[in-house]
Amino acid sequence: MSIVYPVTDVTASPGPTPWQTVGPFFHLALPYSAGSEVAGTSVPGRIRLAGTVYDGSGEPALDALVEIWQPDQAGTFVTTQGIYEKPDGFRGFGRSATDSGEYEFFTVKPGPVPTIDGRCQAPHIAMSVFARGLLRRVVTRIYFPEDSLDMDPLLDSLPQARRSSLVATPAPDGYRFDVYLQGDQETVFLDVGGR
């Protein structure tokens with residue numbers, strides 16, 4: 012016995028479906044007005060952290076979403092304010108869309124935090140990137156060039172040539188950190204599980 016399926020009139024179709032495998036709904040649904048404000052204007056030492064997210068072709072990713080989370084200047088993680096409220100102080104979390112490929116945050120340089128076994132890590136900011144074509148977010152870290160990076164366990168585990176992809180560069184009003192999703196300059200991404 013064979014099954015006969017009805018033929019659908021393809022000429023009645025509204026058009027091809029979008030080519031994106033995922034998104035760009037991250038960019039449209041998750042940003043909020045206070046998203047880039049990790050530290051309020053009254054916080055001493057407030058800096059601007061900005062950069063561009065580049066796709067596998069080397070073009071700016073126009074519809075990505077970047078999140079950061081970090082400790083304060085003393086290396087303490089705080090939860091003093093909701094993530095959707097504009098902070099008066101420091102809240103440790105931020106979210107920025109990449110309308111032109113660029114993201115931006117207003118934050119502070121974090122203090123060092125220990126690993127689970129008590130070893131010291133260099134001060135860093137954790138970053139997630141959500142973008143078209145990614146089935147899962149990618150996670151990386153941002154380190155700062157003036158800190159002692161040689162003792163950091165994560166950086167120490169990387170080949171010397173790859174470490175620079177995790178180090179921000181100084182800018183007049185803070186730091187710049189570009190993210191390369193693929194290619195010769197690909198940023199080092201961390202396997203954070205969840206598979």
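Sequential numbering of the sequence shown, starting at 12, is according to the working numbering.
The beta-carbon is built from N, C-alpha and C at its ideal position, and this holds for glycine as well.
Since the model is a prediction, treat every value here as computed from it, not as a measurement.
Cβ separation of PRO156 and ALA179, assumed to be a contact under 8 angstroms, to the nearest whole Å:
About 7 angstroms separates the Cβ atoms of PRO156 and ALA179, confirming a contact at the 8 angstroms cut-off.
What would DSSP say about SER139, mapped onto helix, strand or coil?
Correct three-state label for SER139: strand.
Compute the Euclidean distance between the alpha carbons of GLY46 and SER175, then round it to the nearest angstrom.
Each residue's Cα considered, the two are about 27 angstroms apart.
When we look at the beta-carbon of VAL33 and count the other beta-carbons within 10 Å, is it buried (16 or more) or exposed?
In this predicted model, VAL33 has a pLDDT of only 49, less than 50, meaning its place in the structure is not dependable enough to derive any value.
Boundaries (first-last residue) of the beta strand (DSSP E) holding ALA61
Here the beta strand (DSSP E) through ALA61 covers 57 to 65.
Cutting at 8 angstroms between CB atoms, please list the residues of its own chain near GLY204, excluding the five before and the five after it.
Sequence-distant Cβ neighbours of GLY204 in its own chain, meaning closer than 8 angstroms and more than five residues away, do not exist here.
How about ASP189 and THR63: are their beta carbons less than 8 angstroms apart?
With contacts defined as CB atoms closer than 8 angstroms, ASP189 and THR63 qualify as a contacting pair.
May I ask you to verify whether the segment 100 to 109 touches the segment 59 to 74, counting CB pairs closer than 8 angstroms and requiring at least 3?
Verdict: yes, contact present.
Taking the beta strand (DSSP E) that ALA182 falls in, what are its first and last residues?
In the DSSP annotation of this structure, the continuous segment of the beta strand (DSSP E) that includes ALA182 starts and ends at 180 to 182.
Name the two residues that bound the continuous beta strand (DSSP E) containing LEU146.
Careful: LEU146 lies outside any beta strand (DSSP E) and carries neither H nor E.
Thinking PRO121 and HIS135 are a contact (beta carbons under 8 angstroms), I'd like their distance in whole angstroms, please.
So it is a contact: roughly 7 angstroms between Cβ atoms.
Hey, how far is the Cα of GLU48 from the Cα of PRO55?
Rounded to the nearest angstrom, the two C-alpha atoms are 14 angstroms apart.
Does DSSP put SER107 in a helix, in a strand, or in coil?
Three-state DSSP puts SER107 in a strand.
Determine the direct distance from the alpha carbon of ASP158 to that of GLU78, and round the result to whole angstroms.
Each residue's Cα considered, the two are about 23 angstroms apart.
Cut-off 6 angstroms between Cβ atoms - residues of its own chain near TYR186, not counting five sequence neighbours on either side:
Apart from the 5 residues on each side of it in sequence, TYR186 sits with its Cβ closer than 6 angstroms to the Cβ of LEU60, ALA179 in its chain, given in chain order.
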